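Asker: Numbering-wise, the sequence shown is residues 52 to 340 according to the numbering used here.
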Amino acid sequence: MDADYLPFHPDPSRPAYRPPPGAVDAHCHVFGPADRFPYAPERKYTPCDAPAEKLFALRDFLGFERNVIVQATCHGRDNRALVDACRAAGDRARGVASVRADISDDELAELHEAGVRGVRFNFVKRLVDATPREVFLGIAARIARLDWHTVVYFEAPDLEGLIPFLKELPTTVVIDHMGRPDIAAGVDSPGFARFIGLMEDPKFWSKVSCPERLSVQGPPGYDDVVPFARTLVERFPDRVLWGTDWPHPNMKSHMPDDGALVDVIPRIAPTAELQQALLVDNPMRLYWS
Ligand code: 0GY
Numbered sequence: 052m053d054a055d056y057l058p059f060h061p062d063p064s065r066p067a068y069r070p071p072p073g074a075v076d077a078h079c080h081v082f083g084p085a086d087r088f089p090y091a092p093e094r095k096y097t098p099c100d101a102p103a104e105k106l107f108a109l110r111d112f113l114g115f116e117r118n119v120i121v122q123a124t125c126h127g128r129d130n131r132a133l134v135d136a137c138r139a140a141g142d143r144a145r146g147v148a149s150v151r152a153d154i155s156d157d158e159l160a161e162l163h164e165a166g167v168r169g170v171r172f173n174f175v176k177r178l179v180d181a182t183p184r185e186v187f188l189g190i191a192a193r194i195a196r197l198d199w200h201t202v203v204y205f206e207a208p209d210l211e212g213l214i215p216f217l218k219e220l221p222t223t224v225v226i227d228h229m230g231r232p233d234i235a236a237g238v239d240s241p242g243f244a245r246f247i248g249l250m251e252d253p254k255f256w257s258k259v260s261c262p263e264r265l266s267v268q269g270p271p272g273y274d275d276v277v278p279f280a281r282t283l284v285e286r287f288p289d290r291v292l293w294g295t296d297w298p299h300p301n302m303k304s305h306m307p308d309d310g311a312l313v314d315v316i317p318r319i320a321p322t323a324e325l326q327q328a329l330l331v332d333n334p335m336r337l338y339w340s
């Protein structure tokens with residue numbers, strides 16, 4: 052099956068930056084392999100197979116100890132590849148699933164047993180057909196009882212309209228990729244100020260991930276994204292997470308070198324204390340406590 056975008060980097064460089072012991076890559080995916088875990092018929096893109104063993108090899112190579120594996124839309128609400136990867140990782144992975152509104156309590160319990168601790172709600176129009184907000188709120192009410200959290204993916208122009216919904220969610224809410232700010236507009240833009248305003252509410256967390264998706268300037272340093280991530284890390288040090296986003300679905304302009312992405316970390320979290328919070332303490336509190 053042909054993928055719709057570039058294959059992941061075959062030979063990433065070894066990063067100069069070494070993460071602290073116990074570091075967590077808190078946003079990554081597993082895809083297929085399609086002959087074991089077929090892609091969802093309703094998917095909007097076909098990915099490259101990116102099986103769990105490749106993810107674990109990358110984890111070790113980059114100097115990380117754990118992964119948070121996030122369900123991507125190409126697998127729809129079929130979480131079998133995610134569950135299989137979490138089980139294969141032992142205690143070294145947690146999962147964020149996408150679930151149907153009619154999922155049974157037994158199915159939720161099985162996901163929990165495998166290591167799932169959150170659900171993901173996706174609002175990115177190129178990735179999914181719209182789901183009514185009442186459906187998401189119904190799912191959120193159920194997973195709140197398991198002490199899971201919600202991960203939300205949207206793009207900056209949609210933030211204003213989503214704020215009432217986000218405030219209504221009864222769980223901790225983790226926002227993917229800083230809410231995909233408009234980097235060209237600058238770190239002082241009204242759009243990013245709105246996102247910072249949301250983050251003032253302690254129920255919100257942000258992934259300071261995906262410079263490769265957001266950057267106008269591009270690799271190797273993704274310099275234009277650094278001030279956005281650094282602002283969030285310095286203002287909200289206890290509510291930020293970092294992830295590679297391997298295997299980088301839908302990257303068409305270039306495929307990032309995962310080692311170069313790791314080398315962005317000390318530029319967005321310039322002290323050992325900030326790095327410890329970002330890479331170890333925050334993800335451990337959210338996913339392993
Ligand atoms: C990401 C980003 C993307 C894809 C998905 O669920 C997905 O398919 O999240 C994207 O295309 O921006 O975080 O993997």
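Glycine included, each C-beta is placed from N, C-alpha and C at the ideal position. Keep in mind it's a predicted model, so treat the numbers as computed, not measured.
Going by C-alpha distance, which of 304, 314, 296 is nearest residue 57?
Answerer: When only C-alpha atoms are compared, the closest one is 304.
Asker: Going by alpha carbons, who is nearest to residue 59 out of 239, 300, 314, 201?
Answerer: Answer by Cα proximity: 300.
Asker: Assuming residue 63 and residue 115 are in contact, meaning their beta carbons sit under 8 Å apart, how far apart are those beta carbons, in whole angstroms?
Answerer: Contact flag wrong, Cβ pair sits at about 13 Å.
Asker: Apply the 10 Å Cβ neighbour rule to residue 180 and answer buried if 16 or more other Cβ atoms are within range, or exposed otherwise.
Answerer: With fewer than 16 Cβ atoms within 10 Å of its Cβ, residue 180 is classed as exposed.
Asker: Less than 7 Å between the CB of residue 159 and some heavy atom of the ligand 0GY, yes or no?
Answerer: No, the Cβ of residue 159 stays beyond 7 Å of every heavy atom of the ligand 0GY.
Asker: Within the present structure, is the beta-carbon of residue 124 separated from the nearest heavy atom of the ligand 0GY by less than 7 Å?
Answerer: Yes, the ligand 0GY has a heavy atom inside 7 Å of this Cβ.
Asker: Could you check whether the segment 189 to 196 touches the segment 225 to 238, counting it as contact only if at least three pairs of C-beta atoms, one from each stretch, sit closer than 8 Å?
Answerer: Short answer: they don't touch.
Asker: Examine the Cβ distances between the segment 113 to 128 and the segment 77 to 85 and report whether three or more of them are shorter than 8 Å.
Answerer: The segment 113 to 128, when compared against the segment 77 to 85, does touch it at the 8 Å Cβ threshold.
Asker: Mind checking whether the beta-carbon of residue 76 lies closer than 7 Å to any heavy atom of the ligand 0GY?
Answerer: No - the ligand 0GY has no heavy atom lying nearer than 7 Å to the Cβ of residue 76.
Asker: Which residues bound the beta strand (DSSP E) around residue 166?
Answerer: Residue 166 -> no beta strand (DSSP E), and no H or E assigned at all.
Asker: List in chain order: all unbroken alpha helix (DSSP H) runs of 4+ residues lying wholly within the segment 198 to 271.
Answerer: The segment 198 to 271 contains these whole alpha helix (DSSP H) runs: 210 to 219, 241 to 250, 262 to 265.
Asker: Drop a sphere of 10 angstroms on the beta-carbon of residue 65, count the other beta-carbons inside from all chains shown, and report buried for 16 or more, exposed for fewer.
Answerer: When all chains shown are included, residue 65 counts as exposed.
Asker: Once DSSP output is grouped into helix, strand and coil, what is the label at residue 147?
Answerer: DSSP places residue 147 in strand when its eight states are reduced to three.
Asker: Assess, as a yes-or-no matter, whether the segment 203 to 220 is touched by the segment 259 to 267 under the definition of 3 or more beta carbon pairs within less than 8 Å.
Answerer: Touching, no.
Asker: Over the uninterrupted alpha helix (DSSP H) stretch that includes residue 309, give me the two end residues.
Answerer: It spans 309 to 313 - the alpha helix (DSSP H) in which residue 309 sits, taken as one unbroken run.
Asker: Cβ of residue 178 versus every heavy atom of the ligand 0GY: is any distance shorter than 7 Å?
Answerer: Yes, Cβ of residue 178 sits closer than 7 Å to a heavy atom of the ligand 0GY.
Asker: Is the distance from the Cβ of residue 150 to the Cβ of residue 170 below 8 Å?
Answerer: Going by C-beta atoms, residue 150 is nearer than 8 Å to residue 170.
Asker: Can you list, in chain order, the residues of its chain whose CB lies under 7 Å from that of residue 296, leaving out five sequence neighbours each side?
Answerer: So the qualifying residues of the chain are 78, 79, 260, 261.
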